[in-house]
Amino acid sequence: MRLRNGPFLTLLLLCLCALLSLSWYAALGGQKGDVVDVYQREFLALRDRLHAAEQESLKRSKELNLVLDEIKRAVSERQALRDRDGNRTWGRLTEDPRLKPWNVSHKHVLHLPTVFHHLPHLLAQESSLQPAVRVGQGRTGVSVVMGIPSVRREVHSYLTDTLHSLISELSPQEKEDSVIVVLIAETDPQYTSLVTDNIKALFPTEIHSGLLEVIAPSPHFYPDFSRLRESFGDPKERVRWRTKQNLDYCFLMMYAQSKGIYYVQLEDDIVAKPNYLSTMKNFALQQPSEDWMILEFSQLGFIGKMFKSLDLSLIVEFILMFYRDKPIDWLLDHILWVKVCNPEKDAKHCDRQKANLRIRFKPSLFQHVGTHSSLAGKIQKLKDKDFGKQALRKEHMNPPAEVSTSLKTYQHFTLEKAYLREDFFWAFTPAAGDFIRFRFFQPLRLERFFFRSGNIEHPEDKLFNTSVEVLPFDNPQSDKEALQEGRSTTLRYPRSPDGYLQIGSFYKGVAEGEVDPAFGPLEALRLSIQTDSPVWVILSEIFLKKAD
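Numbered by mature numbering (1 follows the signal peptide of the UniProt record, and there is no 0), the letters in the sequence shown go through residues -29 to -1, 1 to 519 in order.
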């Protein structure tokens, strides 16, 4: 009986096991479904929380922007009150309740001084410290940076003459190792564009090479000058003029400080001596100590003052602290006093100490030539007595010749003395058709010529639209030989009715060039003035070199 029912029991047992397995699997599958549902619910909740956090972040960002706007408004309002009352400080600004969310007024917060402490109005515009005009290549890594602030003058601008003088006295090597930065210190966009375009037209090579840069400040750089206090007996207009001048110097120094090793402050109405740049650089390198702060190459004003670029940050910060109180030359002297003078010593001791920081070079390398000041209505005839006269080159003697001119000579400044290189020739206003002629005693061959008009003290008295002409010796045999050898020059050079051939002309007050050997011997050389001139004329250099 047991043996017959054994297979049946085995089958029954297997069925029960299978049923239990299916029940367990079903239960397990249901449990997994519940876990997935739980995870989905948690992910949805996390997404909702992230969305809420994002909305909260946007809300906080908007609140932050509102607070920043409140700060800018508070700064502007406080600056207006400060200018009106004259005795408010940045510390008072922190009392504004609108700044408390930033803990600006908290007693444990330290505040480092910046340019915004002295010029808080700059916070109102992000572009207040960016030049509104910037022309040039942005050259850096040079030895010397020269800064020239220029403002509008009512009568006459000397800027282009100043640039001509500075650039013409630079060697090719010096032009590659220096930068001249012109600051047009005006906020009128039409005026700055006019001056910029004029400089670009007159000095395209210098701008393209990187030697010359032109900048203009943002209109938002300057504060409101209407609330300045009068001081030292100066009227309000003069106080405004000197205050703005201090800010112009600071803007120029801040722009130039990263460009070179030395910075030289110049003005826009000067002329320079030959080799001025090498002289300044060598004088700086020859100083026995690096303790110097100012090297002076002119005794006038803020002309020809050299600084180490590393010192410019200190100088700018000091000027900004007192830019409304005193003129620039006083502030520079105060910097030296603070650095080395002992209040317990006498004035002579202080002067000796300052002399170690402020070193004078003689003779002066720059001369002031402007008579109409940038201050409206002011006439100034300041001259540097240490500048001296422009040296005449006497190493060369011009060939013997009879000199003549149709111009009316001024006083004792004759053409004869200029030709003999004893002095310069000075004459009254030329007119079209006037001439200066050199007729040689014996026909001779010339290799080259050089003429310079104007001089250091009178740079405007130049020759304009004037041609250089030669008169070949009337020698039929020479003409025949020239034709046989293909050397005829009559087709290449314009001929005047009286037989002179034009071989050159004046450009920027200078005429120079080589004389074609095909001309053969010459009877004369002539300078012919083509149009009326608005100024007198000075012929400061005459150089005629005979061919060997």
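The beta-carbon is built from N, C-alpha and C at its ideal position, and this holds for glycine as well.
Check: Straight-line Cα distance separating F332 from residue 523; Outcome: Lying before the first or after the last residue shown, residue 523 is absent from the chain, which here runs from -29 to 519.
Check: Integer-rounded CB distance, given that I155 should sit under 8 Å from A187; Outcome: 4 Å
Check: Cβ pair F406, V481 closer than 8 Å; Outcome: no
Check: Span separating the alpha-carbon of V86 from that of E288; Outcome: 7 Å
Check: Candidates N253, F278 and G272, of which the one nearest D262 by Cα; Outcome: F278
Check: Identity of the residue in F395, M368 and L183 nearest I427 by Cα; Outcome: F395
Check: Buried versus exposed, by CB contacts within 10 Å (16 or more), G57; Outcome: Caution is warranted here: a pLDDT of 42 is assigned to G57, below 50, making its placement in the model unreliable, and the coordinate value is therefore given only provisionally. With fewer than 16 Cβ atoms within 10 Å of its Cβ, G57 is classed as exposed.
Check: Residue from G470, V506, E440 and D469 whose Cα sits closest to the Cα of E485; Outcome: E440
Check: Of the residues H320, L378 and L291, the one placed nearest K215, counting alpha carbons only; Outcome: L291
Check: Distance CB(F514)-CB(F420) smaller than 8 Å; Outcome: yes
Check: Residue closest to L266, alpha-carbon to alpha-carbon, out of G272, P259 and F254; Outcome: F254
Check: Under 8 Å between C-beta atoms of G404 and I509; Outcome: no
Check: Cα-Cα separation between E147 and F490, rounded to whole angstroms; Outcome: 38 Å
Check: contact_flag[the region 227 to 236, the region 116 to 127] where n(CB pairs < 8 Å) is 3 or more; Outcome: yes
Check: For E418 and K516, believed in contact at Cβ under 8 Å, the rounded distance; Outcome: 5 Å
Check: Separation of F444 from D240, as counted between CA atoms; Outcome: 46 Å
Check: Beta-carbon proximity of F411 to L493, cut-off 8 Å; Outcome: yes
Check: As assigned by DSSP and simplified to three states, the class of Y234; Outcome: strand
Check: Three-state secondary structure assigned by DSSP to Y381; Outcome: coil
Check: Closest residue to F203 among Q270, W301, E177 and S149 (Cα-Cα distance); Outcome: W301
Check: Beta-bridge partners of Q338, as assigned by DSSP; Outcome: V242
Check: Limits of the unbroken alpha helix (DSSP H) element including E387; Outcome: L386 to Y390
Check: Buried or exposed (CB count within 10 angstroms, at least 16 for buried), P175; Outcome: exposed
Check: Residue environment, M368, which counts as buried when at least 16 other CB atoms sit within 10 Å; Outcome: exposed
Check: Exposure of R110, with buried meaning 16 or more beta-carbon neighbours within 10 Å; Outcome: buried
Check: L248 in three-state terms, based on DSSP; Outcome: helix
Check: Distance between I286 and L303 (C-alpha atoms, nearest Å); Outcome: 8 Å
Check: Three-state class that DSSP yields for V153 in the structure shown; Outcome: strand
Check: Exposure of F409, with buried meaning 16 or more beta-carbon neighbours within 10 Å; Outcome: buried
Check: Contact set for I232: own chain, Cβ-Cβ below 8 Å, skip 5 residues either direction; Outcome: V113, S114, V115, K279 and S280
Check: Cβ-Cβ distance between E140 and Y247 below 8 Å; Outcome: yes
Check: Beta bridge counterpart(s) of G484 as assigned by DSSP; Outcome: F420
Check: Environment of P401 [buried if 16+ CB atoms lie within 10 Å]; Outcome: buried
Check: Straight-line gap, L328 to H88 (C-alpha atoms, nearest Å); Outcome: 29 Å
Check: Straight-line gap, F196 to K316 (C-alpha atoms, nearest Å); Outcome: 39 Å
Check: R416 Cβ short of 7 Å to the ligand MN heavy atom set; Outcome: As for the ligand MN, it is missing from this structure, which has no ligand bound.
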